[in-house]
Structure formats: C-alpha cells, structure tokens
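If you use the numbering used here, the sequence shown corresponds to residues 103 to 240, in order. In what follows, a single structure is set out as structure tokens and then discussed.
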Amino acid sequence: MHNIKTDKSTIEAFYETALAELGSALEMMAACKISEKPSHAYGYFKHAKDEYNHADIFKSILSKRTRLLNSEDARQYRFNASSLIPKGYISSKGYLIETMKIKDFIAFVYTNELLAKSSFDKILKIVGSNTSEGNKIL
103 MHNIKTDKST IEAFYETALA ELGSALEMMA ACKISEKPSH AYGYFKHAKD EYNHADIFKS
163 ILSKRTRLLN SEDARQYRFN ASSLIPKGYI SSKGYLIETM KIKDFIAFVY TNELLAKSSF
223 DKILKIVGSN TSEGNKIL
C-alpha cells in the first residue's frame, strides 16, 4: 500500500492542479464556442472534456487527502472555482482565444500541455502509478 501524503506542498499541488485543469477546460470551451471550423470546434471540445475530467480527478484526490487533515487546515484547501481569476488561471480581461493571435494561442496550449505532462509525472510519483489514484491520472 502506498503511503498517503498530506503535507502542505502535496495538498497544494493537488489544489493548484485542479484549478489549472478547470481553467484549461474553460479556455478550451471558449475556443470551441468561437471556432469557425467544425473540426476545430470538435477538437477544442474533446480537449475541454479531457481537462474537465482531469480537474475532477484532482478534486477527488484533494478531497480524499484533506479529509485526513484537521478541519482548520482542510478548510484552506476546499476547492473553490472562484479562485480561478485571482490566482491567474483565467484572465479577467477575457479568454486567451479572445486576446491572443490563433498561432500564439495554439503555441501556448501546446507548451502548457508539455508542462502538464511533466507535472502529472511528478504527481504520479507522489501517489504511485499502481494505486487507484495513479490509475485515474494515467
């Protein structure tokens, strides 16, 4: 059995990753909405769906681990989507697809997917790839 880590940096990693994934899902839905090509809209929609699924996975892991904390510590990591703007996961100036050139938007998304892959690999080391949490992430 894999030891369940509940230290502050681990809990924060799950919290921030859940927020980042939800922010990405919203960005992809915005791109889907304004896309002029059905094939692009479909691609953005599928990407948004994956991001929503990832957000749900990390919210679930976060919830499971914060239940092991005292209530005061757990409260500060209660998932709150309204944190997306103040933490910078969504801009108050509009969605990226609305504020960037399409080539820059695509490059930004691609770069962030590579960063997410690296982040997921680190998280897999924390939860263990052969655990139920690890299997959800894979």
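Cβ coordinates follow ideal geometry from the N, Cα and C atoms, glycine included.
Next on the checklist: Using C-beta distances below 7 Å, list every residue in its chain close to residue 160, excluding the 5 sequence neighbours before and after it, in chain order.
Outcome noted: These residues qualify, in order along the chain: 116, 119, 120, 123.
Item to check | Any 3 or more C-beta pairs closer than 8 Å across the segment 190-205 and the segment 125-137 | outcome: These segments touch.
Next on the checklist: Three Cβ pairs or more, each shorter than 8 Å: is that satisfied between the segment 158-173 and the segment 184-194?
Outcome noted: Flag = no, the segment 158-173 and the segment 184-194 do not touch.
Checklist entry - Is residue 138 helix, strand or coil when you go by DSSP? => result In the structure shown, residue 138 sits in coil (DSSP, three-state: anything other than H, G, I, E or B).
Next on the checklist: Using the Cβ count rule (16 or more neighbours within 10 Å means buried), how would you classify residue 146?
Outcome noted: So residue 146 counts as buried.
Item to check | Pair within 7 Å by beta-carbon distance, residue 143 and residue 127 | outcome: Their beta carbons are not under 7 Å apart, which means residue 143 does not touch residue 127 by this criterion.
Checklist entry - If we call anything under 7 Å between Cβ atoms a contact, is residue 179 one with residue 113? => result In this structure, residue 179 lies near residue 113, with their beta-carbon atoms less than 7 Å apart.
Next on the checklist: With a threshold of 8 Å on Cβ separation, who are the neighbours of residue 200 within its own chain once the five nearest residues in sequence on each side are excluded?
Outcome noted: Excluding residues up to 5 positions away in sequence, 132, 136 lie with their Cβ nearer than 8 Å to the Cβ of residue 200 in the same chain.
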